[in-house]
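In what follows, a single structure is set out as structure tokens and then discussed.
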Amino acid sequence: MKIGLVEELILLAVRQLSEESTGTAIGEVLEFSNHDIAVGTLYITLSRLEKKKLIKGRQGVPLPERGGKSRRYFHITGEGRSILDETESLRSRVQQFEPITKGAQ
Amino acid sequence: MSIKNRIVHSQMYQALIVDASDSKIRRNFHDEFLKELEFAPDVEKIRIYIKSVLGLFGFSSSMVSVARPELRWDEPIGIVVGIGSLFFLTTCIFQNTRKFDYLIAKFYVVRREKLRHRGKPVSAEKLIYFLDDPLTADDFVYDLNNKFEKRKAQYGAGFARRWYCWQAIRLVMRHLDEWIARAQSVRDLFKF
Numbered sequence: 001m002k003i004g005l006v007e008e009l010i011l012l013a014v015r016q017l018s019e020e021s022t023g024t025a026i027g028e029v030l031e032f033s034n035h036d037i038a039v040g041t042l043y044i045t046l047s048r049l050e051k052k053k054l055i056k057g058r059q060g061v062p063l064p065e066r067g068g069k070s071r072r073y074f075h076i077t078g079e080g081r082s083i084l085d086e087t088e089s090l091r092s093r094v095q096q097f098e099p100i101t102k103g104a105q
Numbered sequence: 001m002s003i004k005n006r007i008v009h010s011q012m013y014q015a016l017i018v019d020a021s022d023s024k025i026r027r028n029f030h031d032e033f034l035k036e037l038e039f040a041p042d043v044e045k046i047r048i049y050i051k052s053v054l055g056l057f058g059f060s061s062s063m064v065s066v067a068r069p070e071l072r073w074d075e076p077i078g079i080v081v082g083i084g085s086l087f088f089l090t091t092c093i094f095q096n097t098r099k100f101d102y103l104i105a106k107f108y109v110v111r112r113e114k115l116r117h118r119g120k121p122v123s124a125e126k127l128i129y130f131l132d133d134p135l136t137a138d139d140f141v142y143d144l145n146n147k148f149e150k151r152k153a154q155y156g157a158g159f160a161r162r163w164y165c166w167q168a169i170r171l172v173m174r175h176l177d178e179w180i181a182r183a184q185s186v187r188d189l190f191k192f
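Chain order of the listed sequences is A and B.
The opening position of the first sequence corresponds to residue 1 in this note's numbering, with each subsequent residue numbered one higher.
The opening position of the second sequence corresponds to residue 1 in this note's numbering, with each subsequent residue numbered one higher.
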């Protein structure tokens, strides 16, 4: 399964935050890493990742400060972890590649 | 009242209404203005009656000119009808009553009031609830509202409102994009 850059970043953020990964928290992580994405993009990507079964969401308890509405928490699934490992290994393989220079021959 | 005076009058009225920060004071000004209209001086009333009669004459003349196109402009009846029609047209264009001033002022005030009280755009919020995944819509709107408040404090209400609407439009565009990408043919676009 192929994932895009935004999907990968959000997946990484979900893995980093573990149990505390709400949409707001993920947005803050991305903002902290200087990759500010639109709120709409974030939530659409989260729904897409959920449909791909790379993350799983659960509703929290209703909160009075949010007018009785609950937060949605996300956690990474086994498939999500394996995809992330795969992309990380792919990146490291690309970084390990040494170009053959003309002078060396 | 001339056009210039009318504009000054309406501007004064809107300045009084808009600059009054307290809603009670604002309502008082509004009531005063209405009273002024109701208890207009007699001279003013007579002026309005004369204008009404002349207006009626003008209106009937213009109706006659429409119904009887064979009337000649060099005949006495034709001249009377012509003058009446012209009078009707001019009164239509240059309405000159205080009621009209009030309407102009009210229009400005309502518009200014709308500009003044600027919260989040409710229609955009409804659009998001309609389009977005119901599971994440609450979180999405909550985040948007928080960011809206920050932007409002930083850049002003107008900017924040435009930003909010733009987020909703982006959501629509994303949905459209997915809808088009999902379709294999033109017929698929209309399968739901």
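Note that beta-carbon positions come from the ideal geometry of N, C-alpha and C, so glycine has one too.
Computed from a predicted model, the values in this text were never measured in an experiment.
Host alpha helix (DSSP H) of residue i (start-end)
i, result
"residue 100 (chain A)", "Careful: residue 100 (chain A) lies outside any alpha helix (DSSP H) and carries neither H nor E."
"residue 123 (chain B)", "122-131"
"residue 47 (chain A)", "39-51"
"residue 143 (chain B)", "134-155"
"residue 4 (chain A)", "Here residue 4 (chain A) belongs to no alpha helix (DSSP H), and DSSP marks it neither H nor E."
"residue 27 (chain A)", "23-32"
With 16 other Cβ atoms within 10 Å as the buried cut-off, status of residue i
i, result
"residue 95 (chain A)", "exposed"
"residue 5 (chain A)", "exposed"
"residue 178 (chain B)", "exposed"
"residue 21 (chain B)", "Model confidence at residue 21 (chain B) stands at a pLDDT of 47, short of 50, so the residue's coordinates are unreliable and nothing is read from them."
"residue 91 (chain A)", "exposed"
"residue 93 (chain A)", "exposed"
"residue 9 (chain A)", "buried"
"residue 164 (chain B)", "buried"
"residue 74 (chain B)", "exposed"
"residue 27 (chain A)", "buried"
"residue 171 (chain B)", "buried"
"residue 150 (chain B)", "exposed"
"residue 181 (chain B)", "exposed"
"residue 3 (chain B)", "Because residue 3 (chain B) carries a pLDDT of 49, less than 50, the predicted location of this residue cannot be relied on, and the following value inherits that uncertainty. Residue 3 (chain B) is exposed by the Cβ-count criterion."
"residue 142 (chain B)", "buried"
"residue 160 (chain B)", "buried"
"residue 89 (chain A)", "exposed"
"residue 167 (chain B)", "buried"
"residue 152 (chain B)", "buried"
"residue 124 (chain B)", "buried"
"residue 50 (chain B)", "exposed"
"residue 65 (chain A)", "exposed"
"residue 130 (chain B)", "exposed"
"residue 7 (chain A)", "buried"
"residue 132 (chain B)", "buried"
Endpoints, the beta strand (DSSP E) within which residue i is located
i, result
"residue 184 (chain B)", "Where residue 184 (chain B) is concerned, there is no enclosing beta strand (DSSP E), given that its DSSP letter is neither H nor E."
"residue 57 (chain A)", "55-63"
"residue 74 (chain A)", "69-76"
Contact under 9 Å by Cβ, residue i with residue j
i, j, result
"residue 90 (chain B)", "residue 43 (chain A)", "no"
"residue 46 (chain A)", "residue 60 (chain A)", "no"
"residue 61 (chain B)", "residue 84 (chain B)", "yes"
"residue 148 (chain B)", "residue 120 (chain B)", "yes"
"residue 118 (chain B)", "residue 58 (chain B)", "no"
"residue 81 (chain A)", "residue 72 (chain A)", "no"
"residue 144 (chain B)", "residue 39 (chain A)", "yes"
"residue 109 (chain A)", "residue 84 (chain A)", "In the structure displayed, chain A extends from 1 to 105; residue 109 (chain A) sits before or after that span and is not available."
"residue 12 (chain A)", "residue 25 (chain A)", "no"
"residue 162 (chain B)", "residue 41 (chain A)", "no"
"residue 70 (chain A)", "residue 188 (chain B)", "no"
"residue 3 (chain A)", "residue 52 (chain A)", "yes"
"residue 74 (chain A)", "residue 55 (chain A)", "yes"
Proximity test, residue i beta-carbon vs the ligand NAD heavy atom, cut-off 8 Å
i, result
"residue 128 (chain B)", "For the ligand NAD, the structure offers nothing, since it holds no ligand at all."
is_contact[residue i, chain E] using C-beta, thresh 9 Å
i, result
"residue 35 (chain A)", "Chain labels in this structure do not include chain E; the protein chains are A and B."
Positions along the segment 130-163 of chain B whose CB lies within less than 7 Å of some CB in chain A: 132, 133, 135, 136, 138, 139, 140, 142, 143, 144 and 147
Interface positions of the segment 12-27 of chain A facing chain B (Cβ-Cβ less than 9 Å), listed along the chain: 22, 23, 24 and 27
Selection of the segment 162-185 of chain B by Cβ proximity to chain A, strictly under 7 Å: 167, 170, 171 and 174
Against chain B, which members of the segment 37-53 of chain A pass a CB distance test of less than 7 Å? 38, 39, 40, 43, 44, 46 and 47
Tell me which residues of the segment 68-89 of chain A have at least one Cβ-Cβ distance to chain B shorter than 9 Å, keeping chain order. 69, 70, 71 and 72
Give, in chain order, every residue of the segment 57-68 of chain A whose Cβ lies closer than 7 Å to some Cβ of chain B. 57 and 66
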